[in-house]
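Residue numbering for the sequence shown follows the UniProt record's numbering, beginning at 1 and increasing consecutively.
Don't be surprised by glycine CBs; every beta carbon is placed ideally from N, CA and C.
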Amino acid sequence: MSDSALDAAGSSLPLSPPRTAAAARTHSDARAASAGKDHVIDAMRGFAALLVAYFHCRQVAWVGMQAFHQSVGHSLSVGAIAAYLTFPIAWGSAGVPIFFVISGYCIHRGGALRLASNPDYRLDTGNFWVRRFARIYPVLLAALVLTFALDWFSLQLPPVSHKIREIGWQSFVVNLLSLQGVAGKTYGSNGALWTLSLEVQFYAIYPLLFALRRRIGMTSVLAIVAVVNVISAYVLERHDIQFFTSYWFSWTLGAWIADARTRRASDARSSIWLYVLAAAFIVLGCVAFHFGQYGAFQLWAVGFAFYLYKALERGSGNQRETFGTRWLSRFGDFSFSLYLIHLPIFVLLSSLLFRSSLQMSIWPSFGYMLVAVPVAYVFYRLVELPAMKWSASFKPKTVRTPV
Numbered sequence: 001m002s003d004s005a006l007d008a009a010g011s012s013l014p015l016s017p018p019r020t021a022a023a024a025r026t027h028s029d030a031r032a033a034s035a036g037k038d039h040v041i042d043a044m045r046g047f048a049a050l051l052v053a054y055f056h057c058r059q060v061a062w063v064g065m066q067a068f069h070q071s072v073g074h075s076l077s078v079g080a081i082a083a084y085l086t087f088p089i090a091w092g093s094a095g096v097p098i099f100f101v102i103s104g105y106c107i108h109r110g111g112a113l114r115l116a117s118n119p120d121y122r123l124d125t126g127n128f129w130v131r132r133f134a135r136i137y138p139v140l141l142a143a144l145v146l147t148f149a150l151d152w153f154s155l156q157l158p159p160v161s162h163k164i165r166e167i168g169w170q171s172f173v174v175n176l177l178s179l180q181g182v183a184g185k186t187y188g189s190n191g192a193l194w195t196l197s198l199e200v201q202f203y204a205i206y207p208l209l210f211a212l213r214r215r216i217g218m219t220s221v222l223a224i225v226a227v228v229n230v231i232s233a234y235v236l237e238r239h240d241i242q243f244f245t246s247y248w249f250s251w252t253l254g255a256w257i258a259d260a261r262t263r264r265a266s267d268a269r270s271s272i273w274l275y276v277l278a279a280a281f282i283v284l285g286c287v288a289f290h291f292g293q294y295g296a297f298q299l300w301a302v303g304f305a306f307y308l309y310k311a312l313e314r315g316s317g318n319q320r321e322t323f324g325t326r327w328l329s330r331f332g333d334f335s336f337s338l339y340l341i342h343l344p345i346f347v348l349l350s351s352l353l354f355r356s357s358l359q360m361s362i363w364p365s366f367g368y369m370l371v372a373v374p375v376a377y378v379f380y381r382l383v384e385l386p387a388m389k390w391s392a393s394f395k396p397k398t399v400r401t402p403v
């Protein structure tokens, strides 16, 4: 999930020439700034993928904090300390709103840049959908096939993990069509796929959002989406129906950031208090999590949106900041692959090693991650990279004419 600034945006028309020299400079500055910040985006992706993966890993491999504490109490052994240090992972589902905010930002970024230089720019809907299909569906198909293979082996090792659901062809088709959450459950043990259906639905509706942005502006679009989000949550979420409208606000927040940053001067700086607001909303989300995941999700999305807006201002020369982000960005390169296949790997390892029983020791969970991460990287090289190249092949060639 590390497309370039313009490729990730899914833009689909040749770039129109800037109408004025000032517009040309604005457009050039925006593109340069965006390209220079990719390590921030990839680092957030990497962090989110590792957070979600280990969150699921603890669930599959470990007895959980309460049972562990009741067993070992206040022991100061190395294993006990390591287990207690994983306590923040209890909020690991916070990685999902990170993905949604970043997705909205990356998908709209190219269109926002083009609108900044040419207000008459229109999205080529057909080309956008083709490129998104080529980017997502080969990887999804391979992940579903891999899930089937791994789950089939896990099913041969009773007692069967409760994580494994239906692996028949009907469930396969439902997930392949990205209808899980509406027409069925996630496939097999791969419960993480619930978010992918929402992502595909976001892509399907993005041309409408783009058209509304051209007519009424992104702030008005965000306000409308917020209302739709609340209504959808009341009507659908309480009936356990997961549709994109219930999570649309978090995705549109990212798109709003992309739009807002193209209209800011390149040397403009926002208040450092955005980091404080980001931290406050993230903490509020952690508190709200104990009353329900959905409300926490919305608060986390706002918090991460504040963080992203401010983090994109970092200069590439700040070595103290870029050391960590560049390290995490390596995981961000294959975060999509890691997200898609980690759960079936964990379930198979648990079935093979422990007959699906939860372990009192935290160490097996670390071992599971050491297996899943390199497997995901190989999956990325073999499947995701070719899909990215295939998607890029549909990108229209840029046409430039003298000003």
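Nearest-angstrom Cα distance between residue i and residue j?
| i | j | result |
| --- | --- | --- |
| Gln242 | Ser361 | 35 Å |
| Ala387 | Phe336 | 12 Å |
| Asp7 | Ala233 | Confidence at Asp7 is low in this model, with a pLDDT of 42, below 50, so the placement of that residue should be treated as unreliable; the coordinate-derived value is given next. Their Cα atoms are separated by approximately 32 Å. |
| Arg141 | Ser270 | Just to set this straight, residue 141 is Leu in the shown sequence, not Arg. Spanning the two alpha carbons is a distance of roughly 42 Å. |
| Val347 | Ser357 | 10 Å |
| Ile205 | Pro364 | 42 Å |
| Arg326 | Cys106 | 18 Å |
| Ala183 | Arg238 | 16 Å |
| Gly367 | Arg215 | 52 Å |
| Val173 | Ile272 | 47 Å |
| Gly181 | Trp194 | 6 Å |
| Phe354 | Ala80 | 20 Å |
| Ser117 | Tyr309 | 21 Å |
Using only the heavy atoms of the ligand PLP, determine whether one of them is closer than 8 Å to the beta carbon of residue i.
| i | result |
| --- | --- |
| Ala183 | Because no ligand of any kind appears in the structure shown, any question about the ligand PLP cannot be addressed here. |
Roughly how far, in whole angstroms, is the beta-carbon of residue i from the beta-carbon of residue j, given that I think they are within contact range, below 8 Å?
| i | j | result |
| --- | --- | --- |
| Ser189 | Pro344 | 5 Å |
| Ala43 | Leu328 | 4 Å |
| Tyr247 | Tyr275 | Not quite, the Cβ-Cβ distance comes to about 25 Å (not below 8 Å), so this is no contact. |
| residue 476 | Ser250 | Outside the modelled stretch of the chain, which goes from 1 to 403, sits residue 476, for which no answer is possible. |
| Gly46 | Arg263 | Rounded, the Cβ-Cβ distance is 29 Å, inconsistent with contact. |
| Leu340 | Val139 | 7 Å |
Buried or exposed: residue i, going by 16 or more other Cβ atoms within 10 Å of its Cβ?
| i | result |
| --- | --- |
| Arg261 | buried |
| Thr147 | buried |
| Asp240 | exposed |
| Val145 | exposed |
| His74 | exposed |
| Pro97 | buried |
| Ala258 | buried |
| Ser71 | exposed |
| Ser350 | buried |
| residue 466 | Any question about residue 466 goes unanswered here, given that the chain covers just 1 to 403. |
| Leu113 | buried |
| Gly332 | buried |
In chain order, what residues of the same chain lie with their CB nearer than 6 Å to the CB of residue i, ignoring the 5 residues before and after it?
| i | result |
| --- | --- |
| Gly295 | Ala288 |
| Gln156 | none |
| Leu115 | Tyr121 |
| Phe281 | Leu299, Val302 and Gly303 |
| Pro207 | Leu123 and Thr125 |
| His342 | Ala53 and Ala372 |
| Val130 | Phe394 |
CB-CB under 7 Å to residue i, same chain, minus the five flanking residues each way: which ones, in chain order?
| i | result |
| --- | --- |
| Ala134 | Ala387, Trp390, Ser391 and Phe394 |
| Leu352 | Leu157 |
| Leu212 | Val221 |
| His39 | Thr322, Thr325, Arg326 and Ser329 |
| Phe104 | Reading the sequence as shown, one finds Gly at residue 104 and not Phe. Cβ within range, chain order: Trp251, Thr252, Leu253, Gly254 and Ala255. |
| Ala83 | Phe68 and Ile362 |
Report all residues from its chain with a CB closer than 8 Å to the CB of residue i; omit the five preceding and five following residues, and keep chain order.
| i | result |
| --- | --- |
| residue 424 | Outside the modelled stretch of the chain, which goes from 1 to 403, sits residue 424, for which no answer is possible. |
| Leu236 | Gln242, Phe243, Thr245 and Ser246 |
If we count Cβ pairs, one from each stretch, closer than 8 Å, do we get three or more for the region 81–90 versus the region 53–61?
-> Contact holds: three or more Cβ-Cβ distances are below 8 Å.
Do the region 187–203 and the region 152–170 meet, that is, are 3 or more Cβ pairs less than 8 Å apart?
-> Because the criterion of three Cβ pairs below 8 Å is met, the region 187–203 and the region 152–170 touch.
contact_flag[the region 219–235, the region 375–385] where n(CB pairs < 8 Å) is 3 or more | Too few Cβ pairs lie closer than 8 Å, so no.
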